[in-house]
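S.K.:
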Amino acid sequence: MASVSAKTLFVHNLPKEARNEQLADVFSDIGPIKRCHIVFDKETHKSTGKGYVTFAFDNDAETALKSTIKLGNNVLKLKYTTSKEQMAVVKNKKSPQNNKERRKLKQEKKRRVIIRNLSFNATEDKLKDWISKFGSVKEVNIPKKENGKMLGFAFVTFDNMKTAVKTIKELNAKEFLNRKVAIDFAIAKEKYNAVKHDDIEEENDNDDNKDEDGDDDDGDDDNKDEDQDDELSDDEDAGPDDETLSIKSDNESEMDEEEDLDLKKKKKRRKESNDVSEGKTVFVKNLSFDTTTEKLEEVMQSFGETDYCIINEDPVSGHSRGTAFVKFKVKESADECIERSNSEDSSLFIDGRQVHICLAMSKNDLHNQKNSSEKKVRDKRNLFLAKEGLIYPKSPAAKDVSQSDLSKRLNLEQRKRKLLTNNLYFVSNTRLHVLNLPEEINDAKLKRLFLEAVDDKSAVITEAKVMRNFVKSENKLGKSKGFGFVTFKDPKHALIALRRLNNNPNTFSKHKRPIVEFSIESRLAVNQKMKRNEKMKKIINLESLNKFVDVDVGDFPYMGVKAKPLNEKEKVTVPKLNRKIFEARKDLKQRGKVVKSEQRAIKQDLQVKKNKKEKAKNRRENKQLHKVKEVKEMDDFEEEFLRKRKTPYLEENPKKEVN
Numbered sequence: 001m002a003s004v005s006a007k008t009l010f011v012h013n014l015p016k017e018a019r020n021e022q023l024a025d026v027f028s029d030i031g032p033i034k035r036c037h038i039v040f041d042k043e044t045h046k047s048t049g050k051g052y053v054t055f056a057f058d059n060d061a062e063t064a065l066k067s068t069i070k071l072g073n074n075v076l077k078l079k080y081t082t083s084k085e086q087m088a089v090v091k092n093k094k095s096p097q098n099n100k101e102r103r104k105l106k107q108e109k110k111r112r113v114i115i116r117n118l119s120f121n122a123t124e125d126k127l128k129d130w131i132s133k134f135g136s137v138k139e140v141n142i143p144k145k146e147n148g149k150m151l152g153f154a155f156v157t158f159d160n161m162k163t164a165v166k167t168i169k170e171l172n173a174k175e176f177l178n179r180k181v182a183i184d185f186a187i188a189k190e191k192y193n194a195v196k197h198d199d200i201e202e203e204n205d206n207d208d209n210k211d212e213d214g215d216d217d218d219g220d221d222d223n224k225d226e227d228q229d230d231e232l233s234d235d236e237d238a239g240p241d242d243e244t245l246s247i248k249s250d251n252e253s254e255m256d257e258e259e260d261l262d263l264k265k266k267k268k269r270r271k272e273s274n275d276v277s278e279g280k281t282v283f284v285k286n287l288s289f290d291t292t293t294e295k296l297e298e299v300m301q302s303f304g305e306t307d308y309c310i311i312n313e314d315p316v317s318g319h320s321r322g323t324a325f326v327k328f329k330v331k332e333s334a335d336e337c338i339e340r341s342n343s344e345d346s347s348l349f350i351d352g353r354q355v356h357i358c359l360a361m362s363k364n365d366l367h368n369q370k371n372s373s374e375k376k377v378r379d380k381r382n383l384f385l386a387k388e389g390l391i392y393p394k395s396p397a398a399k400d401v402s403q404s405d406l407s408k409r410l411n412l413e414q415r416k417r418k419l420l421t422n423n424l425y426f427v428s429n430t431r432l433h434v435l436n437l438p439e440e441i442n443d444a445k446l447k448r449l450f451l452e453a454v455d456d457k458s459a460v461i462t463e464a465k466v467m468r469n470f471v472k473s474e475n476k477l478g479k480s481k482g483f484g485f486v487t488f489k490d491p492k493h494a495l496i497a498l499r500r501l502n503n504n505p506n507t508f509s510k511h512k513r514p515i516v517e518f519s520i521e522s523r524l525a526v527n528q529k530m531k532r533n534e535k536m537k538k539i540i541n542l543e544s545l546n547k548f549v550d551v552d553v554g555d556f557p558y559m560g561v562k563a564k565p566l567n568e569k570e571k572v573t574v575p576k577l578n579r580k581i582f583e584a585r586k587d588l589k590q591r592g593k594v595v596k597s598e599q600r601a602i603k604q605d606l607q608v609k610k611n612k613k614e615k616a617k618n619r620r621e622n623k624q625l626h627k628v629k630e631v632k633e634m635d636d637f638e639e640e641f642l643r644k645r646k647t648p649y650l651e652e653n654p655k656k657e658v659n
C-alpha cells in the first residue's frame with residue numbers, strides 16, 4: 001500500500017454553493033494553508049461537492065483530520081490523498097508485465113459477479129456458503145463505508161466461467177437472508193458509460209444483423225456496471241491539479257485496453273458485414289461460452305481457409321453470446337461446413353456442444369424476415385375466441401335468461417380463463433362445447449340440430465357426441481350428462497352454428513337455453529389422439545387451428561359477445577378474471593337472494609289462503625253436524641254423510657223405520 005500525502009486532504013460533502021474563499025476561511029483557523037480549491041464539473045461548471053486542501057505543516061493536516069469541521073449545514077468528510085509519484089509506483093506495481101499474467105487477470109475479472117440488494121446481516125462466510133452451491137468460489141468481498149456500514153452489495157469471483165454462468169442462472173432473484181438478491185457479471189463503471197453512450201446502438205445494429213435466431217441478451221439492467229474499486233470511495237472520481245491525483249485501479253487500465261480492442265473489432269465487423277452476399281460467411285449457433293476464437297478457428301479451418309472468426313459478445317459485459325460468424329476464403333468451404341452441421345450421420349461438436357451452422361443473412365434480409373414473421377398469425381392459441389358468445393348479466397342478451405343459466409355461464413367463463421393461463425391449452429376454432437342439453441337429445445339429434453342451424457350443404461360435422469354416464473352394473477351408457485361436443489371441418493361453419501344457437505330461446509325452451517362456446521383443448525391430448533388414429537390428422541390439423549374467417553349471421557337480441565382477431569400491432573394477452581366478471585357474479589348472487597325471498601313470500605301467501613279455506617270448510621261441516629243431532633229421523637243421505645264423518649250419533653240414535 002502506498003504511503004499517503006501528509007499535507008493534502010481530500011474534502012467531500014461540500015455544499016453545492018460553497019466557494020474556494022469559504023473553504024480557505026474554514027481551514028485557515030487550524031493552520032496556514034498553501035492552497036485549496038473546489039472541483040467543478042467541466043460541462044455544467046457546477047460544484048461536485050468535493051475539494052482539496054494543502055496545509056503548510058503536517059501537524060495542521062492531522063489536526064484537521066481529527067476535528068469535526070462544518071461548512072454551512074454540512075459536516076465535511078476528510079481523508080488523506082496520494083501524490084502523483086506514489087500513484088505511479090502503485091500503478092506500476094499493479095500492472096502485470098507479461099502477457100500471460102495480463103490474460104490471467106483479465107479472465108479472472110470476467111468470472112467476477114456482483115450481488116445487489118444484499119442484507120446488512122450478511123457476512124462473507126455466510127455468502128460464500130450460500131453461493132458456492134454450483135462450484136468453488138475463489139474470493140468473496142463485501143465493500144463497506146468508512147464508518148463500517150455495509151453498502152448493500154458484494155463481489156464474488158469464481159474459479160471458472162461455467163460456475164459463474166450457472167450461479168447467475170440459478171440464484172438470480174432468489175432469497176438470501178430473507179431478501180431477494182440480483183446477481184450479474186461485474187464490469188468497470190467507465191466501460192459501461194462509454195459503451196452505453198457511444199457504442200451500444202451500433203453494436204446492437206451489428207448484432208441484429210448477425211443473431212438471426214433472436215438470441216439477444218442485451219444488458220438492459222442499468223445497474224450491472226459497478227465494480228469494487230468504483231464503490232469504495234468517492235475520491236477516485238476526480239483529482240485536484242498537479243499536486244495530487246487519485247489512484248486508478250488495475251481494472252480501469254485493463255478495461256481501457258479492452259475498449260480499444262472492442263473498437264477495433266467493431267470497425268472490422270462493419271467492414272465485413274458486406275461479405276454476406278458472397279455466400280462465404282456462415283452463422284454459428286449454440287457455441288459454448290468457454291469457446292475461444294482460436295478454438296473456433298481451428299475447427300473451421302478443417303473445412304478450408306478462413307478470413308476471420310468473430311465470436312459475438314455482449315456490448316456491456318463483454319461475455320460470449322454463444323454465437324459467431326466465420327468467413328471462408330471460398331464458397332465451397334462454407335457449403336461443406338453447413339452440410340456437415342445439418343447432417344444426421346455426423347454432427348459438428350465444439351467443446352462438447354453440438355453447434356448449428358447456417359448461411360449468414362444480411363441486415364436487410366433479416367429485417368424482412370422478421371417483418372414477414374410478424375405478419376403471420378401471432379395468436380397461436382386463438383385466445384380472442386375465448387370471449388365469443390359470452391353473456392354479461394346486465395347486457396341486452398341477458399334479458400329473460402334464467403338465474404341458473406347466467407350463473408352457469410359465469411362459472412364456465414372463470415374455468416376457461418383459468419385454463420388458458422397454461423400455455424398447453426388453446427381455444428379450438430372447429431370444436432364446440434354444448435351445454436344445457438335436454439335428456440332426449442342424442443348424438444344423431446345433436447348433429448341434425450347443428451346442421452340445420454348452419455343451413456349450408458357444404459358444412460361437414462366430423463364429430464357430434466353427447467356425454468353420458470356409464471352404468472357399471474349394466475355395463476352400458478346411461479342418462480345424458482347434459483352436455484356434448486360438436487366438431488366441424490371448417491371453422492367458418494363452427495362460428496355460424498355458435499352465433500345462431502348460443503342463448504337462442506327458440507331451440508329448447510325460454511328458461512333453459514343452449515350454452516355454446518368454443519372448446520378449450522390440450523395440445524398434449526390432441527397429439528395423443530393423432531398418434532392413436534392416423535385418420536385424426538385429417539380431422540385435426542394444428543396448422544389450420546389459427547385460421548379465422550369472420551361471418552355475418554345477422555344481429556339477434558340473444559346474441560352475446562362477438563370475437564375479433566388481433567390487429568398487427570395488438571398484443572396477445574391471456575383473458576384475465578377481471579373485475580367485470582366478479583361484479584357480475586356478485587350481482588347474480590344478490591339477485592338470487594331477492595328471487596328466493598320473493599318465492600318464499602309467495603309460498604307463505606298460498607299457505608295462508610289454503611289454511612283459510614280448510615277452516616271455512618270445517619266450520620260448514622260442524623254446522624251440518626249440529627243440525628243432524630236435532631233431527632230424530634234421518635234420510636239415507638244424512639246417514640251416509642254421518643257414516644263418512646265417523647260420528648258416534650248413529651250408535652246412539654239408530655235409524656228407525658218409518659211405517
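Start counting the sequence shown at 1; every next residue gets the next number (full-length UniProt numbering).
Note that the Cβ used here is the ideal one computed from N, Cα and C, for glycine as well.
Please report the Cβ distance between R111 and N160, rounded to the nearest whole angstrom; I am assuming they are in contact, meaning their Cβ atoms lie under 8 Å.
M.R.: 7 Å
S.K.: What do you reckon, are the CB atoms on G560 and G389 nearer than 8 Å?
M.R.: Against a cut-off of 8 Å, the Cβ pair of G389 and G560 comes out as a contact.
S.K.: Return the bridge partner residues of G51 from the DSSP annotation.
M.R.: Partner(s): V11 and I38.
S.K.: If you reduce the DSSP assignment to three classes, tell me which class residue 675 lands in.
M.R.: The requested residue 675 does not occur in the structure, where the chain is confined to residues 1 to 659.
S.K.: Please return the same chain residues whose Cβ sits closer than 8 Å to the Cβ of V355, not counting the five positions on each side in sequence.
M.R.: Excluding sequence neighbours, V355 sits near V284, K285, N286, L287, S341, L348 and F349.
S.K.: Pick out whichever of R321, K329, R619 and L501 has its Cα sitting closest to the Cα of L435.
M.R.: L501
S.K.: For a minimum of 4 consecutive residues, which ranges assigned as the alpha helix (DSSP H) are wholly contained in the stretch 487 to 527?
M.R.: 491 to 501
S.K.: Less than 7 Å between C-beta atoms, sequence neighbours within five positions excluded: which residues of the same chain meet that for K7?
M.R.: Around K7, the same chain offers T54, F55, D58 and A61 as residues with beta carbons nearer than 7 Å, after the five sequence neighbours per side are excluded.
S.K.: Pull up the CB-CB distance for F485 and S519, whole angstroms please, since I reckon it's below 8 Å.
M.R.: 6 Å
S.K.: In the DSSP assignment, find the beta strand (DSSP E) that holds E298 and state where it starts and stops.
M.R.: Note, E298: premise wrong, no beta strand (DSSP E); alpha helix (DSSP H) at T293 to M300.
S.K.: Can you tell me whether DSSP reads T421 as helix, strand or coil?
M.R.: For T421, the three-state secondary structure derived from DSSP is coil.
S.K.: For L65, which residues in the same chain have their Cβ closer than 7 Å to its Cβ, ignoring the five residues on either side in sequence?
M.R.: L9 and L78
S.K.: Following the continuous beta strand (DSSP E) through A464, name the residue where it begins and the one where it ends.
M.R.: Unbroken beta strand (DSSP E) run through A464: I461 to V471.
S.K.: Considering Cα atoms alone, identify which of F483, L171, V401 and A360 is closest to E440.
M.R.: Ranking F483, L171, V401 and A360 by CA distance to the CA of E440 puts F483 first.
S.K.: Roughly how many whole angstroms lie between the Cα atoms of residue 660 and K149?
M.R.: Any property of residue 660 remains undetermined from this structure, which presents the chain solely from 1 to 659.
S.K.: Looking only at its chain, what residues have a beta carbon closer than 8 Å to the beta carbon of T68, apart from the 5 residues adjacent to it on each side?
M.R.: V75
S.K.: What is the rounded straight-line gap between the Cα of D455 and the Cα of S509?
M.R.: Cα to Cα, the separation comes out at about 21 Å.
S.K.: Name the two residues that bound the continuous alpha helix (DSSP H) containing V181.
M.R.: No alpha helix (DSSP H) contains V181, which DSSP labels as neither H nor E.
S.K.: CB-CB under 8 Å to V11, same chain, minus the five flanking residues each way: which ones, in chain order?
M.R.: Cβ neighbours of V11 beyond the five flanking positions: L23, K50, G51, Y52, V53, L76, K77 and L78.
S.K.: Expressed to the nearest angstrom, what Euclidean distance is found between the alpha-carbon atoms of G72 and D29?
M.R.: 16 Å
S.K.: So N172 and I183 are in contact, right, with Cβ under 8 Å, and what is the actual spacing, rounded?
M.R.: N172 to I183, Cβ: 5 Å. Contact.
S.K.: Per DSSP, which residues does N141 bridge with? Please list them.
M.R.: F155
S.K.: Tell me which residues share the same chain as L451 and place their Cβ nearer than 8 Å to its Cβ, disregarding the 5 neighbours each side in the sequence.
M.R.: A459 and I461
S.K.: Between the Cα of L281 and those of K295, D290, A324 and V299, spot the shortest distance and give me the residue it belongs to.
M.R.: First, the amino acid is wrong: residue 281 is Thr here, not Leu. Nearest option by C-alpha distance: A324.
S.K.: Using 10 angstroms around the beta-carbon of N333, count the other beta-carbons present and answer buried if the total reaches 16, otherwise exposed.
M.R.: The identity of residue 333 in the sequence shown is Ser, whereas the question assumes Asn. Label assigned to S333: buried.
S.K.: Per DSSP, what kind of secondary structure is residue 672 in: helix, strand or coil?
M.R.: Lying before the first or after the last residue shown, residue 672 is absent from the chain, which here runs from 1 to 659.
S.K.: Could you spell out where the alpha helix (DSSP H) holding F27 opens and where it closes?
M.R.: N20 to S28
S.K.: If you reduce the DSSP assignment to three classes, tell me which class K327 lands in.
M.R.: strand
S.K.: Between residue 660 and L383, is the Cβ-Cβ spacing less than 8 Å?
M.R.: The first residue shown for the chain is 1 and the last is 659, placing residue 660 beyond what the model contains.
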